[in-house]
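*Asks:*
In full-length UniProt numbering, the protein residues as written are 1 to 258.
1. Suppose you measure from the CA of residue 79 to the CA of residue 96; what does that come to, to the nearest Å?
2. Residue ranges of each beta strand (DSSP E) run of no fewer than 3 residues wholly in the region 113-169, ordered along the chain?
3. What three-state label does DSSP hand residue 254 in the structure shown?
4. Is DSSP giving residue 220 helix, strand or coil here?
5. Strictly by DSSP, which residues pair up with residue 19?
6. Identify every residue that forms a DSSP beta bridge with residue 229.
7. Is the separation between the beta-carbon of residue 247 and that of residue 204 shorter than 9 angstroms?
8. Specify, as a first and last residue, the run of the alpha helix (DSSP H) that residue 56 falls within.
9. Measure the alpha-carbon distance for residue 175 versus residue 241 and round it to whole angstroms.
10. Grouping DSSP H, G and I as helix and E and B as strand, with all else coil, what is residue 178?
11. In angstroms, rounded to a whole number, what distance separates the CA positions of residue 254 and residue 160?
12. Using DSSP with H/G/I as helix, E/B as strand and the rest coil, what is residue 173?
13. Please list, in chain order, all residues of the same chain as residue 18 whose beta carbon is under 7 angstroms from its beta carbon, the five residues on each side excluded.
14. For residue 14, count neighbouring Cβ atoms within 10 angstroms of its own Cβ and tell me buried if that reaches 16, exposed if not.
15. Give the DSSP-derived three-state secondary structure of residue 196 in the structure shown.
16. Tell me which same chain residues have a C-beta within less than 7 angstroms of the C-beta of residue 170, skipping the five on either side of it?
17. For residue 52, which beta-bridge partners are listed by DSSP?
18. Using only alpha-carbon positions, find the residue among 73, 206, 195 and 24 that is nearest to residue 218.
19. Could you tell me how far apart the beta carbons of residue 211 and residue 188 are, in whole angstroms, since I believe they sit closer than 8 angstroms?
20. Could you pull out every residue in the same chain whose Cβ sits closer than 8 angstroms to the Cβ of residue 60, ignoring the five residues on either side in sequence?
21. Could you tell me which of 202, 213, 214 and 135 sits nearest to residue 309, measuring between CA atoms?
22. Between 25, 103 and 123, which lies nearest to residue 112 when the distance is taken from Cα to Cα?
23. Using 9 angstroms as the threshold, is the C-beta distance between residue 23 and residue 89 below it?
24. Taking 9 angstroms as the threshold (C-beta atoms), are residue 184 and residue 156 in contact?
25. Taking residue 148 and residue 119 to be in contact with their CB atoms under 8 angstroms, please state how far apart those CB atoms are, rounded to whole angstroms.
26. Leaving out five residues before and five after residue 249 in sequence, what residues of the same chain have Cβ atoms less than 7 angstroms from its Cβ?
Okay, here's the thing in structure tokens:
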């Protein structure tokens with residue numbers, strides 16, 4: 001896989017015209033869509049060369065209410081632009097009328113984080129996921145639980161703008177990468193499967209690799225062959241499945257409470 005971040009060497013991140021800077025950087029940057037995505041990215045030290053809002057006063061009022069810890073940083077970052085200019089920069093205007101571009105973390109740095117041992121928290125693996133929103137929700141969950149990272153296999157790009165939007169900017173709080181099954185981090189693989197052992201009877205170790213199959217077809221044969229333990233979630237008879245993000249939340253909560 002070669003999901004490399006962009007190179008900013010050829011551009012001036014301090015262009016005084018935010019619209020011009022945005023248009024130059026947009027194709028190779030991570031879109032932070034809305035106040036909460038920008039807030040989280042700032043909290044987790046993302047590099048943000050340009051941030052705009054159609055209502056600076058309202059954005060800073062949100063910061064006063066919801067994120068006073070980053071209010072001064074947002075004050076320095078945000079540039080007000082006309083509503084029409086803001087709407088022209090984003091594919092889908094956010095109710096907070098805030099957007100920013102961030103530098104994607106270096107792949108090599110994320111791979112080092114994923115490979116580091118001993119780990120103090122699991123790695124979550126989404127095996128050939130299909131739903132962009134679900135992938136973003138999982139990244140948000142993983143960040144909240146302090147997971148080491150989230151890895152996807154297959155064709156879905158975990159840094160797709162829709163995934164980042166659903167993740168509320170929390171891609172910057174954990175290591176997010178796309179890998180092949182052969183490239184997964186070391187550690188015992190606990191894969192969720194209806195035929196597995198009830199998770200309530202198990203203690204999930206901190207170095208676990210927690211694997212979840214796709215929303216439609218479950219675990220791939222390749223991932224299943226790599227699995228050390230099949231694990232099932234408690235489920236009432238005649239209920240066919242849980243949403244992917246719900247399954248990840250249940251497994252991470254079980255790990256955190258063990």
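No residue lacks a Cβ here, since even glycine has one placed at the ideal position from N, Cα and C.
*Replies:* Working from what's here:
1. As a position in the chain shown, residue 79 is number 79, starting the count at 1. As a position in the chain shown, residue 96 is number 96, starting the count at 1. Distance between the alpha carbons of residue 79 and residue 96 is about 14 angstroms.
2. 123-126 and 149-152
3. Taking the chain shown and counting its residues from 1, the one referred to as residue 254 is at position 254. The answer is helix: DSSP assigns residue 254 an H, G or I state.
4. If you number the chain shown from 1, residue 220 lands on position 220. Correct three-state label for residue 220: coil.
5. Working through the chain shown from its first residue, we reach residue 19 at position 19. For residue 19, which the question treats as bridged, DSSP gives no partner whatsoever.
6. Within the chain shown, the letter at position 229 stands for residue 229. According to DSSP, which records beta bridges pairwise, residue 229 is partnered with 190.
7. Position 247 of the chain shown, counting from 1, holds the residue named residue 247. Position 204 of the chain shown, counting from 1, holds the residue named residue 204. In this structure, residue 204 does not lie closer than 9 angstroms to residue 247 by Cβ.
8. Stepping through the chain shown from its first residue, residue 56 is reached at position 56. Looking at the DSSP string, the run of the alpha helix (DSSP H) that includes residue 56 is 56-66.
9. Within the chain shown, numbered from 1, the residue matching residue 175 stands at position 175. Within the chain shown, numbered from 1, the residue matching residue 241 stands at position 241. Going by the C-alpha atoms only, they are around 28 angstroms apart.
10. Taking the first residue of the chain shown as position 1, residue 178 is located at position 178. DSSP places residue 178 in strand when its eight states are reduced to three.
11. Indexing the chain shown from 1 puts residue 254 at position 254. Indexing the chain shown from 1 puts residue 160 at position 160. Roughly 29 angstroms separates the two Cα atoms.
12. Here residue 173 refers to the residue found at position 173 of the chain shown. Reduced to three states, the DSSP call for residue 173 is helix.
13. For this step, residue 18 is matched to residue 18 along the chain shown. Once the five neighbours on either side are set aside, the close Cβ partners of residue 18 are 50, 52, 79 and 81.
14. Locating residue 14 in the chain shown gives position 14, where the first residue counts as 1. Confidence at residue 14 is low in this model, with a pLDDT of 47, below 50, so the placement of that residue should be treated as unreliable; the coordinate-derived value is given next. Burial call: exposed.
15. As a first step, residue 196 must be located in the chain shown, where it is residue number 196. Residue 196: strand per DSSP, three-state reduction.
16. Within the chain shown, the letter at position 170 stands for residue 170. Taken in chain order, the residues that qualify are 40, 139, 140 and 143.
17. Residue 52 sits at position 52 when you count from the first residue of the chain shown. Paired residue(s): 79 and 99.
18. One-based indexing of the chain shown puts residue 218 at position 218. Of the candidates 73, 206, 195 and 24, the one whose C-alpha sits nearest the C-alpha of residue 218 is 195.
19. Working through the chain shown from its first residue, we reach residue 211 at position 211. Working through the chain shown from its first residue, we reach residue 188 at position 188. Contact doesn't hold; Cβ gap of about 11 angstroms is too wide.
20. Within the chain shown, numbered from 1, the residue matching residue 60 stands at position 60. Once the five neighbours on either side are set aside, the close Cβ partners of residue 60 are 71, 74, 75 and 78.
21. Because the chain in this structure spans residues 1 to 258, residue 309 falls outside the shown range and cannot be described.
22. To locate residue 112, count along the chain shown from 1; it is residue 112. Checking every option, the nearest Cα to that of residue 112 belongs to 123.
23. Here residue 23 corresponds to residue number 23 of the chain shown, with the count starting at 1. Here residue 89 corresponds to residue number 89 of the chain shown, with the count starting at 1. Yes, the Cβ-Cβ distance between residue 23 and residue 89 is below 9 angstroms.
24. What you label residue 156 is simply residue 156 of the chain shown in a count that begins at 1. What you label residue 184 is simply residue 184 of the chain shown in a count that begins at 1. Against a cut-off of 9 angstroms, the Cβ pair of residue 184 and residue 156 comes out as no contact.
25. In the chain shown, the residue the question calls residue 148 occupies position 148. In the chain shown, the residue the question calls residue 119 occupies position 119. Correct: roughly 5 angstroms between the Cβ atoms.
26. Indexing the chain shown from 1 puts residue 249 at position 249. Answer for residue 249: 141, listed in chain order.
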